[in-house]
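Residue numbers (our numbering): 3 to 606.
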């Protein structure tokens, strides 16, 4: 289909989504429109800016989807961007749900940080801006109220208090060190605390303190006094306060082609935390990027967001009303986007802008350091150009068993974690690292396309293997630990130099090589540990009569992982098709013994 006047004339004056495809029939841009004919035609009027001209030059065909409403168009655009990942749209990678604090439904409830769907019985408090904020809150509550954190299996099998009791972070209900009524009093106060009712909590503790003193229980009164003082100090230091209810405050700052976004979370008039993001896009305006960010952030069916009624922003958006209507319809409540605010609201926007600016400065500083390191790398090793792509390999195994190879990828900005890969090494002799390196290089580069630098953790032997597989004309490094195996004393072998090199401890080039080597090592070890754990659990399941391959597969598919299987009750195991209660009981008993052994090993 050619983009001509006849095609443009056929476009409807209705809302919908348009997809722009290049000559390879790959979608390069997805957009929404209240009026498809007006919006799509605007790209071909000849008065576009340089950025839009670059896009238009690559368009071979345009496909449209007519929707029944403007809001439906916005939702469909968001879905298509996430699934198609077009080159010229921003792609907001939000792969984590927000953390909560979960208070379980037990006689002695457990308090823990929780992330995921709210399937477990109990109460959820949050969400928190990030895991750090949730853990800090949990730490405060531990210190003040001493609720248990251990899982149910560990709790049921204790015969003496654990280390959390020794460091005064738990009241040890597992060994009846506290009665249920007293424990529930702490639970009640925690709920008040997490609901933001700080004054009520302080008054309750003060009243108990005065009652203890009146009955001459000075030890109890002293403990309550310390609790009161610590809690009062926390309330003074933890929050910036206001009187404006709940809001998300979003600020976007641009610098050198990078957009930094900071979200400040305000709940009950208190700033409870923030999150920072960075995006790059050479085509969209800052206002368009902020619009797309807001829709992708909140309209994410994979990770439900808690959205307040007000979202404060530092940019005036042309389609603000459209986004408001779409969010209001999606969440079934009135949502307001506000850009012209005063007083405390304005202070919050300025706070978000300050955080975004700081985040941008950190990004620029990291990029500057990376540029310096890569330039130094080019000069020291006589490379023909500054490298912009590097891949590093490492091998991990236990006495030759369950060998795993890792490949980590860096570009000129740092790690590209979405491109990391692991390879299970098969059909090689035990502890034959050379054969493992040979196999992973052959599998990785069977297409023949190599990065600017291939790095292997090892020395001259690994270098010879890599040269044998890839050829002398390729840029290959190996990083060998020095005689004392201390960081900073590495010996670097390279196909571009005839002799190995020892770089100075403060060398930027050495630091980037150490970073990528350490990442490869970490990624290989975590992969190997995962394989080892799977093998251990699988071997236990294999010894249980009635548990075959299909049953093990059903267990994994149902629970999602081995930790979840170990924590499952007999009733939960019985829910799986084909597992009767007797078999579920045998599986539960076997895994319970493993968990008990692990718990004892971790605390004794």
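Where a beta carbon is used, it is the ideal one built from N, C-alpha and C, also for glycine.
With a cut-off of 8 Å, do at least 3 Cβ pairs link the region 275-284 to the region 321-340?
Taking 8 Å as the limit for Cβ pairs, the verdict is that the region 321-340 does not touch the region 275-284.
I believe residue 308 touches residue 101 by the beta-carbon criterion, under 8 Å. Please report the beta-carbon distance rounded to the nearest angstrom.
So it is not a contact: roughly 12 Å between Cβ atoms.
Could you check which residue in 80, 141, 268 has the C-alpha nearest to that of residue 300?
When only C-alpha atoms are compared, the closest one is 80.
So if DSSP puts residue 458 in a beta bridge, which residue, or which two residues, is it bridged to?
DSSP, once it has assigned bridges, lists 395, 480 as partnering residue 458.
Determine the contact status of residue 62 and residue 35, defining contact as a CB-CB distance below 9 Å.
The answer is no: Cβ separation not under 9 Å.
Please state whether the Cβ-Cβ distance between residue 314 and residue 354 is less than 9 Å.
In contact: residue 314 and residue 354 (Cβ atoms closer than 9 Å).
Which residues does DSSP list as the beta-bridge partners of residue 211?
Answer is none; residue 211 lacks a bridge partner.
Quick test of the definition: if touching needs 3 or more C-beta pairs under 8 Å, does the region 428-436 touch the region 491-511?
Touching, no.
In the structure shown, what three-state DSSP assignment does residue 669 receive?
Any answer about residue 669 is impossible in this case: the structure gives the chain only from 3 up to 606.
Would you list the one or two residues that DSSP bridges to residue 587?
Note: residue 587 sits in no beta bridge, so no partner.
So, under 8 Å CB-CB, residue 404 and residue 388 are touching, yes? Tell me the CB distance rounded to an integer number of Å.
The pair is not a contact, with the Cβ atoms about 38 Å apart (cut-off 8 Å).
Looking at the unbroken beta strand (DSSP E) that takes in residue 257, where does it start and where does it end?
First-last of the beta strand (DSSP E) with residue 257: 249-257.
Would you kindly work out how many angstroms separate the C-alpha atoms of residue 11 and residue 38, rounded to a whole number?
Taking the straight line joining both Cα atoms gives about 11 Å.
Just how far apart, CA to CA, sit residue 134 and residue 380?
Computed Cα separation, rounded: 38 Å.
Along the beta strand (DSSP E) that carries residue 7, what are the first and last residues, could you check?
Careful: residue 7 lies outside any beta strand (DSSP E), inside the alpha helix (DSSP H) at 7-12.
Have a look at residue 154 and residue 178 and give me their C-alpha separation to the nearest angstrom.
Spanning the two alpha carbons is a distance of roughly 15 Å.
Would you mind reading off the limits of the beta strand (DSSP E) that contains residue 62?
Premise fails: residue 62 is in no beta strand (DSSP E) and is neither H nor E.
List, from N- to C-terminal side, the alpha helix (DSSP H) runs of 4 residues or more that fit wholly inside the region 86-168.
Counting whole runs of 4 or more residues, the region 86-168 contains the alpha helix (DSSP H) stretches 133-147, 154-158, 165-168.
Quick one: Cα of residue 8 to Cα of residue 317, how far?
Each residue's alpha carbon lies about 38 Å from the other.
According to the neighbour-count rule (16 or more other Cβ atoms, all chains shown, within 10 Å of its Cβ), is residue 555 buried or exposed?
So residue 555 counts as exposed.
Which term fits residue 364, buried or exposed, when burial requires 16 or more other beta carbons within 10 angstroms of its beta carbon?
Answer is exposed; the Cβ neighbour count stays below 16.
Pop quiz: residue 357 and residue 509 are said to be a contact at Cβ under 8 Å. What is the actual Cβ separation, rounded to whole angstroms?
Not confirmed; about 33 Å, so no contact.
Taking the CB atoms as reference points, tell me whether residue 529 and residue 424 lie closer together than 9 Å.
Against a cut-off of 9 Å, the Cβ pair of residue 424 and residue 529 comes out as a contact.
What is the C-beta distance between residue 150 and residue 123, in whole angstroms, given that I count them as a contact (C-beta under 8 Å)?
In fact, because the Cβ distance is near 16 Å, the residues do not count as touching under 8 Å.
Closest to residue 501 by C-alpha separation, out of 437, 416, 188, 383, would be which residue?
Cα-wise, what sits closest to residue 501 is 383.
Go to residue 194, then tell me how far its alpha helix (DSSP H) extends in each direction, as first and last residue.
Element bounds for residue 194: 182-196.
State the DSSP-derived secondary structure class of residue 18, mapped to helix, strand or coil.
DSSP places residue 18 in strand when its eight states are reduced to three.
Quick one, are the C-beta atoms of residue 115 and residue 140 less than 9 Å apart?
For residue 115 and residue 140, yes; Cβs fall inside 9 Å.
So the alpha helix (DSSP H) residue 370 belongs to, where does it begin and stop?
Run containing residue 370: 345-382, per the alpha helix (DSSP H) assignment.
Is residue 260 helix, strand or coil by DSSP?
If DSSP states are grouped into helix, strand and coil, residue 260 belongs with the strands.
Does the Cβ of residue 561 lie closer than 8 Å to at least one heavy atom of the ligand MG?
Ligands in the displayed structure: none, and consequently the ligand MG is not present.
Any chance the region 433-449 sits against the region 413-422, with 3 or more Cβ pairs inside 8 Å?
The answer is no - the region 413-422 does not touch the region 433-449, with fewer than three Cβ pairs under 8 Å.
Can you tell me whether residue 495 is helix, strand or coil according to DSSP?
Strand, per DSSP.
Per DSSP, what kind of secondary structure is residue 267 in: helix, strand or coil?
Looking at residue 267 - three-state DSSP - the assignment turns out to be strand.
With DSSP as the reference, identify every bridge partner of residue 35, one or two as the case may be.
DSSP lists 18 as partners of residue 35.
What runs of the alpha helix (DSSP H), each 4 residues or longer, lie entirely inside the region 420-469?
Those alpha helix (DSSP H) runs which fall completely within the region 420-469 and span 4+ residues are 435-446.
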